[in-house]
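For the sequence shown, the residue numbers in mature numbering (1 follows the signal peptide of the UniProt record, and there is no 0) are -25 to -1, 1 to 63. Glycine included, C-beta positions come from ideal geometry on N, C-alpha and C. Notes follow once the structure below has been shown.
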Amino acid sequence: MKRFSKFIPMAVLALGLVGALSSFTTSKNSKLTINIPGFVQLNPQGTQCSTSIMCSDDVGPLCTFGGNNLWGKDASGNCVVKLYRNHQ
């Protein structure tokens, strides 16, 4: 029984280290979802658009509102970037 009681603190320490390491790697690999304003295209080129709701750039189901796909703006200000629903 004395031998067994010597290994209990080491076993608890080992389990704690494994738990800490696994939670660190999980949080390191998780992606932060960012809210992006979604726009309804008013023309097929995406040069005219109106603001609708907040979406995400994280891949998933497409962001829609009222049956319309919502789009994000690119560097030139055109609404042509696919947006997805927020996963919160």
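- Item | Pick from Pro19, Phe40, Gly21 that is closest to Asn61, judged by C-alpha positions | Translated into positions along the sequence shown, residue 61 becomes position 86. Checked all of Pro19, Phe40, Gly21; the closest Cα to Asn61 is Phe40.
- Task: Return the chain-ordered list of same chain residues with a C-beta closer than 7 Å to the C-beta of Ile9, the five sequence neighbours on each side being excluded.
- Result: Within the sequence shown, the letter at position 34 stands for residue 9. The beta carbon of Ile9 sits closer than 7 Å to those of Ser31, Asp32, all from its chain and outside the five residues before and after it, given in chain order.
- CA-CA distance, Gly35 and Gly42? Counting from 1 along the sequence shown, the entry for residue 35 is found at position 60. Counting from 1 along the sequence shown, the entry for residue 42 is found at position 67. Answer to the nearest angstrom: the Cα atoms are 17 Å apart.
- Query: Buried or exposed: where does Leu17 fall if 16 or more other Cβ atoms within 10 Å of its Cβ makes it buried?
  - Reply: Taking the sequence shown and counting its residues from 1, one reaches residue 17 at position 42. Its Cβ having fewer than 16 others within 10 Å, Leu17 is exposed.
- Item | Where Leu37 sits in the DSSP three-state scheme | Here the question's residue 37 lines up with position 62 in the sequence shown. Leu37 falls in the strand class under three-state DSSP.
- Query: In whole angstroms, what separates the C-alpha of Ala50 from that of Ser27?
  - Reply: For the purposes of this step, residue 50 is identified with residue 75 of the sequence shown, where counting begins at 1. For the purposes of this step, residue 27 is identified with residue 52 of the sequence shown, where counting begins at 1. Spanning the two alpha carbons is a distance of roughly 19 Å.
- Message: I need the DSSP call for Thr1, collapsed to helix, strand or coil.
- Response: The residue given as residue 1 occupies position 26 in the sequence shown. Because Thr1 sits at a pLDDT of 46, beneath the cut-off of 50, its placement in the model cannot be relied upon, and the point is left open.
- Query: Between the C-alpha atoms of Gly47 and Gly21, what's the straight-line distance to the nearest angstrom?
  - Reply: Within the sequence shown, the letter at position 72 stands for residue 47. Within the sequence shown, the letter at position 46 stands for residue 21. Their Cα atoms are separated by approximately 10 Å.
- Give every residue of the same chain whose Cβ lies closer than 8 Å to the Cβ of Met29, excluding the five residues on either side of it in the sequence, and list them in chain order. Reading the sequence shown from its first residue, position 54 is the one you call residue 29. The residues are Asn10, Ile11, Pro12, Gly13, Asn61.
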